[in-house]
Amino acid sequence: MTSSSIPEGFLPFASRGRFTEKIGPLYYKPDGDSIIYGFLAEEGHTNGNGVIHGGMLISFLDEALGQIIWRALDKQRCATISLNCNFVASAKPGDWIETRAEISRKGMAVVFVRGELQVRGERILAADGIWKIIGK
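Those letters in the sequence shown? Residues 1 to 136, per UniProt numbering, in order.
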(Lines of atoms letter the chains of each structure in order from A and count residues from 1; the text may use other names and numbers.)
(Lines give C-alpha, C1' and ligand atoms only; values in the text may rest on other atoms or scores of the structure.)
Protein backbone atom coordinates (compact mmCIF):
# COMPACT_ATOMS: atom_id res chain seq x y z
CA MET A 1 0.00 0.00 0.00
CA THR A 2 1.20 3.49 -0.73
CA SER A 3 0.24 6.95 0.45
CA SER A 4 -1.35 7.45 -2.99
CA SER A 5 -4.14 5.20 -1.70
CA ILE A 6 -5.00 7.76 1.00
CA PRO A 7 -7.98 9.86 -0.12
CA GLU A 8 -7.36 13.52 -0.85
CA GLY A 9 -7.56 15.86 2.11
CA PHE A 10 -6.60 13.33 4.78
CA LEU A 11 -3.60 14.17 6.93
CA PRO A 12 -1.50 11.90 9.17
CA PHE A 13 -2.85 11.75 12.71
CA ALA A 14 -0.26 12.56 15.40
CA SER A 15 -0.52 9.68 17.84
CA ARG A 16 -1.07 10.43 21.52
CA GLY A 17 0.01 6.98 22.66
CA ARG A 18 2.10 3.95 21.84
CA PHE A 19 -0.85 1.68 21.09
CA THR A 20 -2.18 4.09 18.47
CA GLU A 21 1.22 3.98 16.77
CA LYS A 22 0.96 0.18 16.57
CA ILE A 23 -2.42 0.18 14.79
CA GLY A 24 -1.61 3.11 12.50
CA PRO A 25 -0.86 5.07 10.61
CA LEU A 26 -4.20 6.79 11.13
CA TYR A 27 -5.45 9.86 9.27
CA TYR A 28 -7.94 12.66 9.76
CA LYS A 29 -9.75 15.23 7.65
CA PRO A 30 -11.75 18.27 8.79
CA ASP A 31 -15.35 18.01 7.58
CA GLY A 32 -17.27 21.17 8.47
CA ASP A 33 -17.60 21.26 12.26
CA SER A 34 -16.48 17.64 12.64
CA ILE A 35 -13.50 15.48 11.77
CA ILE A 36 -13.43 12.21 9.85
CA TYR A 37 -10.79 9.65 10.86
CA GLY A 38 -9.57 6.90 8.54
CA PHE A 39 -6.97 4.25 7.89
CA LEU A 40 -5.81 2.15 4.97
CA ALA A 41 -6.34 -1.53 5.78
CA GLU A 42 -3.19 -3.59 5.29
CA GLU A 43 -2.28 -7.28 5.34
CA GLY A 44 -1.02 -6.87 8.90
CA HIS A 45 -4.55 -5.95 10.01
CA THR A 46 -6.11 -9.25 8.85
CA ASN A 47 -7.35 -12.27 10.76
CA GLY A 48 -6.99 -15.92 9.73
CA ASN A 49 -9.82 -15.54 7.21
CA GLY A 50 -8.03 -12.78 5.32
CA VAL A 51 -10.40 -9.98 6.35
CA ILE A 52 -9.65 -7.07 8.68
CA HIS A 53 -9.57 -8.29 12.28
CA GLY A 54 -12.50 -7.17 14.42
CA GLY A 55 -10.08 -6.10 17.14
CA MET A 56 -8.41 -3.71 14.72
CA LEU A 57 -11.75 -2.21 13.72
CA ILE A 58 -12.82 -1.73 17.34
CA SER A 59 -9.42 -0.31 18.33
CA PHE A 60 -9.56 2.21 15.49
CA LEU A 61 -13.16 3.17 16.29
CA ASP A 62 -12.37 3.58 20.01
CA GLU A 63 -9.46 5.90 19.16
CA ALA A 64 -11.46 7.92 16.63
CA LEU A 65 -14.53 8.32 18.85
CA GLY A 66 -12.32 9.27 21.78
CA GLN A 67 -10.68 11.99 19.67
CA ILE A 68 -14.07 13.29 18.50
CA ILE A 69 -15.32 13.49 22.09
CA TRP A 70 -12.03 15.00 23.35
CA ARG A 71 -12.37 17.80 20.82
CA ALA A 72 -16.07 18.31 21.65
CA LEU A 73 -15.08 18.68 25.33
CA ASP A 74 -12.54 21.39 24.54
CA LYS A 75 -9.71 18.88 25.05
CA GLN A 76 -10.79 17.62 28.46
CA ARG A 77 -9.49 14.16 29.23
CA CYS A 78 -11.99 11.35 28.79
CA ALA A 79 -12.02 7.56 28.87
CA THR A 80 -14.19 4.86 27.34
CA ILE A 81 -16.73 3.38 29.77
CA SER A 82 -18.61 1.27 27.25
CA LEU A 83 -18.35 0.58 23.53
CA ASN A 84 -20.93 -1.76 22.04
CA CYS A 85 -20.20 -2.80 18.47
CA ASN A 86 -22.14 -4.69 15.83
CA PHE A 87 -20.29 -6.04 12.82
CA VAL A 88 -22.37 -5.55 9.68
CA ALA A 89 -19.89 -6.46 6.94
CA SER A 90 -16.20 -7.17 6.51
CA ALA A 91 -13.31 -5.17 5.08
CA LYS A 92 -10.23 -6.41 3.27
CA PRO A 93 -6.65 -5.26 2.73
CA GLY A 94 -6.55 -2.21 0.49
CA ASP A 95 -9.88 -0.86 1.77
CA TRP A 96 -9.99 2.70 3.07
CA ILE A 97 -11.96 2.60 6.33
CA GLU A 98 -13.36 5.76 7.89
CA THR A 99 -15.55 6.92 10.75
CA ARG A 100 -18.82 8.73 10.96
CA ALA A 101 -19.92 9.79 14.44
CA GLU A 102 -22.46 11.87 16.30
CA ILE A 103 -22.55 12.84 19.95
CA SER A 104 -26.08 12.04 21.05
CA ARG A 105 -25.89 13.48 24.56
CA LYS A 106 -23.32 15.36 26.62
CA GLY A 107 -23.78 15.50 30.39
CA MET A 108 -21.62 16.81 33.22
CA ALA A 109 -19.86 13.47 33.78
CA VAL A 110 -20.45 11.37 30.66
CA VAL A 111 -20.85 11.66 26.90
CA PHE A 112 -22.94 9.34 24.73
CA VAL A 113 -21.89 8.80 21.14
CA ARG A 114 -23.01 6.83 18.09
CA GLY A 115 -20.54 5.92 15.43
CA GLU A 116 -19.89 3.67 12.50
CA LEU A 117 -17.12 2.54 10.22
CA GLN A 118 -17.61 2.71 6.48
CA VAL A 119 -15.92 1.36 3.38
CA ARG A 120 -16.87 3.15 0.14
CA GLY A 121 -19.84 4.72 1.95
CA GLU A 122 -21.20 1.35 3.15
CA ARG A 123 -21.47 0.63 6.87
CA ILE A 124 -19.31 -2.25 8.10
CA LEU A 125 -19.61 -1.66 11.86
CA ALA A 126 -22.13 0.23 14.01
CA ALA A 127 -21.46 1.25 17.60
CA ASP A 128 -22.84 3.04 20.64
CA GLY A 129 -20.51 4.24 23.37
CA ILE A 130 -20.26 6.08 26.64
CA TRP A 131 -17.20 8.11 27.64
CA LYS A 132 -16.39 9.37 31.15
CA ILE A 133 -15.29 12.99 31.40
CA ILE A 134 -12.15 13.02 33.55
CA GLY A 135 -11.29 16.72 33.33
CA LYS A 136 -8.30 18.74 32.27
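The C-beta atom is built at its ideal place from N, Cα and C for all residues, glycine as well.
- Per DSSP, the unbroken beta strand (DSSP E) holding F39 starts and ends at S34 to L40.
- Judged by DSSP secondary structure, F112 falls outside any alpha helix (DSSP H) and instead within the beta strand (DSSP E) spanning V110 to V119.
- The continuous beta strand (DSSP E) containing I97 extends over residues W96 to K106.
- Here DSSP, grouped into helix, strand and coil, assigns D128 to strand.
- When only Cα atoms are considered, R120 and K29 end up about 16 Å apart.
- When secondary structure is reduced to three states using DSSP, L61 falls in the helix class.
- In the DSSP assignment, the residues bridged to E122 are V119.
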